[in-house]
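Undergrad: Residue numbers (our numbering), protein chains in the order written: chain A, 2 to 420; chain B, 65 to 440. Quick one: this structure, given as structure tokens, is what I'll be asking you about.
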Amino acid sequence: MLEQLEGSQAVAKAVALCRPEVISAYPISPQTHIVEGLSDLVRTGELEPCEYLMVESEFAAMSACIGASAAGARTYTATASQGLLYMAEALFNASGLGLPIVMTLANRAIGAPINIWNDHSDSMSQRDSGWIQLYAESNQEAVDLHVQAFRLAEELSLPVMVCMDGFILTHAHEEVDLPTQEQVDAFLPAFVPRQVLDPAEPVTIGAMVGPEAFTEVKYLMHAKQVLALDSIPEIGADFSRAFGRDSGGLVRTYRAEDAETIVVALGSVLGTIEDVVDELREQGVKIGVVAIKCFRPYPLDDVREALRDAQRIVVIEKAFAVGAGGIVGQNIRLALSGLESRVHDVVAGLGGRPITKRSLHALLADALADRLEPGRLHFLDLKRDVVERELERLRDGRRPGPHAESILRDQGIVAARSH
Amino acid sequence: MVEQRIKHYQTGTFVVGNRLLDPEQRSIQARMERSNTLTSGHRACQGCGEALGARYTLDAAMRATGGKLIAANATGCLEVFSTPFPESSWQLPWIHSLFGNAPAVATGVAAALKVKGRDDIRVVGQAGDGGTVDIGFACLSGMFERGDDVLFVCYDNEAYMNTGVQRSGATPPAARTANTKPVGDEPGNVFGQGKNVPLIAMAHEIPYVATATVAEPRDLEAKVERAMEFRGPRYIHVFVPCPLGWGSASRDTIRLARLVKETGLFPVFEAEHGGVVAVSKIRRRVPVTDYLKLQRRYAHLFGESPRTDVIERLQAGADRNIERFGLLATEDEGATLPGVATDLAGESVDEPLRPVDTEAESNLMRLLSETHGSPR
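Right, here's the structure in full:
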């Protein structure tokens, strides 16, 4: 049924339809509305039976999820940004133990400087934590991916992170088609844990493993992620049959058939990018889009297939590896190794800076005219005067003070120093 | 006073041997039906207090729950020596996740059991002192505050033994560890404010808090059984000597655990809903030097130029505990047991412990019953 809903409320309702038995969460913007919604549903008895744990940190949130999942409960949490980092140790533990926990990540920047707005620094920082990472483009897809995520997690006994852009999606009111309980129950079978803490059959979970078997345990983690490369499209196809719409999968292409230039991105920015591509297509530009729907496991073959005929690839990513370059870009180059195509890494939308059609048009005009220097990391809408002034201060040799404060002072946002 | 002199099964200790007790009074460890929760073959050091503490505790909890028990274990010696892949010494469902999250993992297990309607299965969380008073402290406090149905047990050996004997928040003043070496003007660990987690647990007003040592298994077992009578968060802090980390003889583990109580350095008590309800009295008060001298971690206090100033400060701490918790037994509580080596007026009779072979059973039995046999 179509409803006009805030993204967070839609996700809360979708998660509730999946009948989680234990929810453990700690508040952090912009995730809060999701867990508040679930808290309401537990309190009113609409989601029942379910234990909602209000823990004292994200580290405890994930740890309680680990305990609950190991004891055989379908388990869910949500977080963002610093919260994801604070649970980092437990993230690796959940995946290492093979526990099918589902988490929503309301993507948000990581400080310092502290910033509550959207980018992908948080999920990208944990890309190698052993969690499956799915990226939603819209609120409808966020809803659908959660339903798929529980099935995927439990089929493979692996944790799944559903990434949705903070504020841009979580706080956007959109029309969403929420499935019915009957539909979800038919799609998502009851949780049958692969391993469970049960006094009737005592097992040791989390034993110490030395050099004699550690490699094999880690290999099996990798093997399960590789299996997910098959499961994700299968579950996506099943979902399409059951719900009548396409959501999820590994990679999606848009007007890419004959494209000489392809823009690659993840998440909600794809909508804007597709609008720009439509406009360029009207001008006769052979340009298309490849959406990475699943970043871990990395669908290397699918990416290569989708991009193999493009001469020019512009990767727009909302995070980067400081001192190294683009993260998604590196993965794209890996998929294209041996091919002639040029890959440009463009960092955009950091800390919530809007990625506008105008900026994208300017960027793509440069790319199409081969004005983007290959091999360099590009920053969309970088204020050059600001960084040059700061770099000048560094060269002065005087104590420059915190960058953020200097920049804000230069822009007249904070008062000049009194000394 | 009526006294019945009996010969001890374990000479040199103050524990009545099991052979001398009615079968019903025997420790769980002495029973045929004990569950051997932490079974033999593990790789703990000889004389490990933590292995004993865990065994006493979990076997008692298994008995109290009819074997329906799940344990969440922090990283540390107990985890490492019990589960070298592909072996496990655990004969109960057991999970190890991380160093600092055992209380939260236990919370999650308890939540899963609750949602599944399995209130017959109970949950124990356990950690060493590092995993409890330091890195796991926030999770522990959160678990207490929420009222989760978890018994958390800290096996306190007063330092990070698993990583090579570094100082923890539970390391006592003046103790030598790998990073509080006896160099400089202030040898050993500093005299800090201390971090008394039993008292902090009591400040959460949780249903049950107790301290115990591995010197008195029946006392520890009784406390575990009592703890399992409550729902909600419960905390037991067990003093477990570490021969490796303390530089003590493996054979002295039980002796040290007894002396720490008899000096007053480690008050043994029970508290319910934030108030102390029972104290295990000192039966034969001894000076702290009796305890300190058995451990190389305090050797720097007794060298060619003894640090009497430091020893006096440690004694003052013990004296304060004795006063604060009312640890001294009165005469009719057994203070004048034969073999007392300390002048109760405060003059310490600094002589080494001698094995004694007699004791008044009637007094002992009464003390035991007052300590953990109070009205239930």
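Using N, Cα and C, we set each Cβ at its ideal position, and we do this for glycine too.
1) Please list the partners that F149(B) has in chain A, where partner means a Cβ-to-Cβ separation under 8 Å.
2) Is it right to say K219(A) is buried, meaning 16 or more other beta carbons lie within 10 angstroms of its own, or is it exposed?
3) How big is the Cα-Cα spacing for R390(A) and G258(B)?
4) Taking the alpha helix (DSSP H) that E183(A) falls in, what are its first and last residues?
5) Spatial neighbours of V210(A) within its chain, please: C-beta separation below 7 Å, excluding the five flanking residues on both sides.
6) Put H364(B) into one of helix, strand or coil per three-state DSSP.
7) Would you call the CB atoms of E334(B) and R349(B) closer than 9 Å?
8) Write down the C-beta distance between M207(B) and A234(B) rounded to the nearest angstrom, noting that I regard them as a contact closer than 8 Å.
9) Counting only beta-carbon atoms, is T406(B) nearer than 9 Å to chain A?
10) Would you mind reading off the limits of the beta strand (DSSP E) that contains H345(A)?
11) I need the DSSP call for H362(A), collapsed to helix, strand or coil.
12) State whether the stretch 196 to 213 of chain B contacts the stretch 165 to 185 of chain B, with contact taken as three or more CB pairs (one from each stretch) at a distance under 8 Å.
13) Rounded to whole angstroms, what is the Cα-Cα separation between P251(B) and R240(B)?
14) Quick one: which chain B residues come within Cβ less than 8 Å of V23(A)?
15) Can you tell me which of the three DSSP states F145(B) falls into?
16) Express the C-alpha separation of E88(B) and Y299(B) in angstroms, rounding to a whole number.
17) Would you mind sorting G398(A) into buried or exposed? The rule is 16 or more other CB atoms within 10 Å of its CB.
18) Here's the rule I'm using: 16 or more other beta-carbon atoms within 10 Å means buried, otherwise exposed. How should V161(A) be labelled?
19) Could you tell me which chain E residues have their CB closer than 9 Å to the CB of E143(B), listed as they occur along the chain?
20) Hey, does C295(A) have any beta-carbon neighbour from chain B nearer than 9 Å?
21) Report the three-state DSSP secondary structure of Q5(A) (helix, strand or coil).
22) Around the C-beta of G424(A), are 16 or more other C-beta atoms found within 10 angstroms, so that it is buried, or is it exposed?
23) Let's see if you can read the secondary structure: which residues bound the alpha helix (DSSP H) around H147(A)?
24) So the beta strand (DSSP E) F215(A) belongs to, where does it begin and stop?
25) Compute the Euclidean distance between the alpha carbons of F294(B) and H337(B), then round it to the nearest angstrom.
26) Helix, strand or coil for A320(A)? Go by DSSP, reduced to three states.
27) Shorter than 9 Å from the beta carbon of C109(B) to some beta carbon of chain A?
28) Confirm, please, whether the CB-CB distance from S99(B) to L444(B) is below 9 Å.
29) Quick one: residues in its chain with C-beta nearer than 7 Å to the C-beta of P21(A), no 5 flanking neighbours on either side, listed in chain order?
30) Looking only at its chain, what residues have a beta carbon closer than 8 Å to the beta carbon of I236(A), apart from the 5 residues adjacent to it on each side?
31) Pull the bridge partners of T277(B) from the DSSP assignment, please.
32) Could you have a look at V254(B) and say whether DSSP puts it in helix, strand or coil?
33) Buried or exposed: where does K245(B) fall if 16 or more other Cβ atoms within 10 Å of its Cβ makes it buried?
34) Can you tell me which of the three DSSP states Q32(A) falls into?
35) Give the single residue among E395(B), P370(B), M225(B) and V187(B) whose Cα lies nearest to the Cα of V144(B).
36) With 16 as the cutoff for other CB atoms within 10 Å, does N243(B) come out buried or exposed?
TA: By the coordinates alone:
1) A208, M209, V210, G211, E213 and A214
2) The residue in question, K219(A), is exposed, as its Cβ has fewer than 16 Cβ neighbours within 10 Å.
3) Distance between the alpha carbons of R390(A) and G258(B) is about 50 Å.
4) Q182 to F188
5) V218
6) helix
7) No, these two residues do not count as a Cβ contact at 9 Å.
8) Wrong, their Cβ atoms sit about 18 Å apart, outside the cutoff.
9) Confidence at T406(B) is low in this model, with a pLDDT of 40, below 50, so its placement is unreliable and the value that follows should be read with caution. No Cβ of chain A is located within less than 9 Å of the beta carbon of T406(B).
10) Segment R343 to V348, the beta strand (DSSP E) holding H345(A).
11) H362(A) sits in a helix when the DSSP states are folded into three classes.
12) yes
13) 8 Å
14) G172, A175, A176 and V179
15) helix
16) So the two alpha carbons sit approximately 26 Å from each other.
17) exposed
18) buried
19) Among the protein chains in the structure shown, which are A and B, there is no chain E.
20) no
21) strand
22) For chain A, the structure presents residues 2 to 420; residue 424(A) sits outside this window and is missing.
23) It spans N140 to L157 - the alpha helix (DSSP H) in which H147(A) sits, taken as one unbroken run.
24) Segment F215 to F244 is the alpha helix (DSSP H) holding F215(A); no beta strand (DSSP E) there.
25) 11 Å
26) coil
27) no
28) This structure does not reach residue 444(B), given that chain B is present from 65 up to 440, and the question cannot be answered.
29) C51, R75, T76 and Y77
30) Q149, R152, L153, E156 and G249
31) F303(B)
32) coil
33) exposed
34) Coil.
35) M225(B)
36) exposed
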